[in-house]
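Participant: The structure under discussion is supplied below as structure tokens; questions concerning it will follow.
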């Protein structure tokens, strides 16, 4: 009997190292060709499974699969699509089973964050609920670092490194200019509900930089913030502010929704950095600059953390090994053994305990005034940004990122309307 | 007779490699200690000369001076301050002479862009106009790449590399997400009058990325732009837009000044990216993301171009050598000999021909539709982003950027009010 094939898909917002997890999955499957057949990747995530758009990874060379380690973003396409429960949308689950059967798929590797863990958990229940045998393994990934149980989430360490390095560099710039020009620099980073990414900006305090964080875990207080900025500028001559996109007032409203309107009266979309910049300008009159890192931060493979890259790969590899050991409804995790030196090992979590649970920053990681991080947080963060995993560059000075062939397997079924 | 001392100052917006020019100046002066005495650096640029706040670089170790090569921003502080003409403000020139005399300064090295070249030129005329012998040499620096005569300006190559790499990475991200999420990504970069920095974003077309540039050299046409975005999204499924902060309408008004107002009716400050994003949203309804690179781009020493770094150092070195050869009112330049392989040598320009001249992109560098660059422009740009000049990192995963002692020389004069 030939071994079952595997399905692999990327889900949700992509990262600079999610392809390293894909590489870990595919390489480990290739090493176990007697137990796992082809790896079919979903074109645009789980949607590819529903529409039977399956990428045949077997035609990709070993070199190109290895190059995934150095390539940011989702090589097979991702999606924002959450399966409803079996009760609510049985049709989608029946289709999944139809596709899995048609292509002899027995392993389901889903690479994503909290929502995706929920999807993966639902798929893992197909054996029980619909009598179809499949082993569903969730490979964690999210720059938001908000999955429970695991020490951290692949993708986060690299964003944290990007934010810490960029905030340090920009702060050096502001310090140079502060005498006659910019005194306050505001950097907006991702994190709608959790402040992990902004917290990485707090590391630059260790390099003598005056920095204030605006975290989603702390209700924003205008007067306290303005007083803190003034105090930093009085003492240092300048100040850097790192603000989470999810920073909010005590009534829960986002700072970014302050009601800015364009010339036509339309609500101005997004951007908490300019809102904070205007507050500073109006209250204190300081000259300011602001930046919004947006996708630059999560795609910045050029400054990826070596630790993050290694863990992303290891979790892909571990996911396959767990499947081979007969597991279902499980997620490999990073378990931290020690901070200094940083030591970790692979553990595991039951998907039922992961799905839809969001881990925000613990209170003991946030400084008393709410604008900074504690030593405990520093000890947690530093290991995750250790090491520089540079991609190769071509002779023209650009990174060598691989673009796969991404050829689809011949369809066997009728069309499916999403 | 002991040799004359030198004054060195950084001016205008700093860059990721201006300190490499400082390193070139100081190391070359140290190698010629029989002909040049101490190097005094102006604290916060020319202001330090006026206020007699002179940093004694002689107390810095050779290792720390060498580390300047790897440290972004202006190590001695910069300023935005333009000397008026001697006729308009003789008092400032008299003060400069007073300070130069008090500290036995015979060499003036000014490291900046177009405005600074003007200041440097005025100082170079002190011998003639006010009978004080000083040799003034301008070391070019500006991310805007808008100085005439020289092939390019130190600081630009590194920003170009940052923009090209970042736009490539973010485009990979958008491509991954485009099926169900973001279809248009807008990256705002610097360049108020010249589109050189945005042009670097055009390089990613060579990597199969659909990209549109909005350059200050081309009047913005709303309908043409929207049609171009739609055409790219129809064909590729997504589109990246790189917009210069100076993009403007045919009446000269900046796109960024579209009259956005906050909740209180105050004009919203800065940000052309959200303006363009809103245009796309309103005309085409596509989901979008936008980023504003701001200071991140010009301080990004972590992804500096090796070519840029080498030229920044070489120009600092050449400035000192030109001074030793008896020159005044001169600027060392980069002269391009060939594109492929890229070969260059040091040339020189008379300051009278540099001051206040702004070099925008030549028409033959801009594609016919105005949204891209030509092969000629590619051949110009690629050499400038060649090579990766990574800084060292410490064991915690952060770059080792040097902070100098920056001790001031004992003042000898009375206070001067700016």
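Chains as they are written, first to last, in our numbering: chain B, 9 to 426; chain C, 9 to 426.
Every residue, glycine too, gets a C-beta built ideally from N, C-alpha and C.
Just so we're clear, the structure is a prediction, and the values are computed from it rather than from any experiment.
1) According to DSSP, simplified to helix, strand and coil, what is residue 205 (chain B)?
2) Kindly say whether residue 204 (chain B), judged by its beta-carbon, lies nearer than 9 angstroms to any beta-carbon of chain C.
3) Considering only the beta carbon of each residue, do residue 144 (chain C) and residue 359 (chain C) sit closer than 9 angstroms?
4) Using DSSP with H/G/I as helix, E/B as strand and the rest coil, what is residue 89 (chain C)?
5) Could you please tell me which residues of the segment 220-254 of chain C, in chain order, have their CB closer than 9 angstroms to any CB of chain B?
6) Using 8 angstroms for Cβ pairs, my map puts residue 315 (chain C) next to residue 395 (chain C). What's the rounded Cβ distance?
7) Using 8 angstroms for Cβ pairs, my map puts residue 55 (chain C) next to residue 188 (chain B). What's the rounded Cβ distance?
8) Cβ of residue 368 (chain B) within 9 angstroms of Cβ of residue 148 (chain B)?
9) Within the segment 286-345 of chain B, note down every full alpha helix (DSSP H) run reaching 4 residues or more, in order along the chain.
10) Residue 177 (chain B) CB to nearest chain C CB: under 9 angstroms?
11) With a threshold of 8 angstroms on Cβ separation, who are the neighbours of residue 154 (chain C) within its own chain once the five nearest residues in sequence on each side are excluded?
12) Using a C-beta to C-beta distance shorter than 8 angstroms, which residues of chain C count as neighbours of residue 304 (chain B)?
13) For residue 382 (chain C), which of helix, strand or coil comes out of DSSP?
14) Starting from the beta carbon of residue 405 (chain C), find every residue of chain B whose beta carbon is closer than 7 angstroms, and list them in chain order.
15) Closer than 7 angstroms by beta-carbon distance: list the chain C residues that pair up with residue 189 (chain B), in chain order.
16) What residues in the segment 102-133 of chain B have a beta carbon less than 8 angstroms from any beta carbon of chain C?
17) Compute the distance between the beta-carbons of residue 184 (chain B) and residue 212 (chain B), then report whether it is under 9 angstroms.
18) Grouping DSSP H, G and I as helix and E and B as strand, with all else coil, what is residue 247 (chain C)?
19) Would a check of beta-carbon distances place residue 419 (chain C) closer than 9 angstroms to chain B?
20) Would you say residue 211 (chain B) lies against chain C (beta-carbon separation less than 9 angstroms)?
21) With a cut-off of 9 angstroms, does the C-beta of residue 423 (chain B) fall near any C-beta of chain C?
22) Within the chosen definition, does the segment 298-315 of chain B reach the segment 164-180 of chain B through at least 3 CB pairs nearer than 8 angstroms?
23) Just list the residues that DSSP pairs residue 145 (chain C) with in beta bridges.
24) Write down every uninterrupted run of the beta strand (DSSP E) in the segment 165-218 of chain B whose length is 3 residues or greater and which is fully enclosed by it, in chain order.
25) Check the Cβ of residue 216 (chain C) against every Cβ in chain B and list those closer than 8 angstroms, keeping chain order.
26) Less than 6 angstroms between C-beta atoms, sequence neighbours within five positions excluded: which residues of the same chain meet that for residue 182 (chain C)?
27) Output the distance between the C-alpha atoms of residue 363 (chain C) and residue 405 (chain B), rounded to the nearest integer angstrom.
28) I want to check one thing, is the minimum distance from the CB of residue 282 (chain B) to the heavy atoms of the ligand HEM below 8 angstroms?
29) Does the CB of residue 148 (chain C) have a neighbour CB from chain B at under 9 angstroms?
30) Ignore the nearest five residues each way along the sequence and tell me which others in residue 407 (chain B)'s own chain have a CB closer than 8 angstroms to its CB.
31) Under a Cβ-count criterion, where at least 16 other Cβ atoms within 10 Å of its own Cβ denotes burial, should residue 302 (chain B) be classed as buried or exposed?
32) For residue 471 (chain C), which residues from the same chain have a beta carbon less than 6 angstroms from its beta carbon, with the 5 sequence-adjacent residues on both sides left out?
33) Counting pairs of Cβ atoms below 8 angstroms between the segment 131-144 of chain B and the segment 329-338 of chain B, do you hit three or more?
34) Within 9 angstroms of any Cβ in chain C, is that where the Cβ of residue 18 (chain B) sits?
35) Taking all protein chains shown into account, decide if residue 53 (chain B) is buried (16 or more other Cβ within 10 angstroms of its Cβ) or exposed.
36) Let me know the secondary structure DSSP gives residue 414 (chain B) once reduced to three states.
Facilitator: Judging by the given coordinates:
1) helix
2) no
3) yes
4) coil
5) none
6) 6 angstroms
7) 7 angstroms
8) no
9) 302-307 and 314-332
10) yes
11) 121, 122, 161, 201, 202, 204, 366, 367 and 368
12) 174, 177, 178, 195, 299, 301 and 304
13) coil
14) 169, 313, 390, 393, 394 and 395
15) 88
16) none
17) no
18) strand
19) no
20) yes
21) no
22) yes
23) C:117 and C:338
24) 192-197
25) 411
26) 190, 193 and 246
27) 32 angstroms
28) The ligand HEM is not among the ligands present in this structure, which contains no ligands whatsoever.
29) no
30) 78, 309, 310, 399, 400 and 401
31) buried
32) Examination of residue 471 (chain C) is not possible in this model, given that chain C is present from 9 through 426 alone.
33) yes
34) yes
35) buried
36) coil
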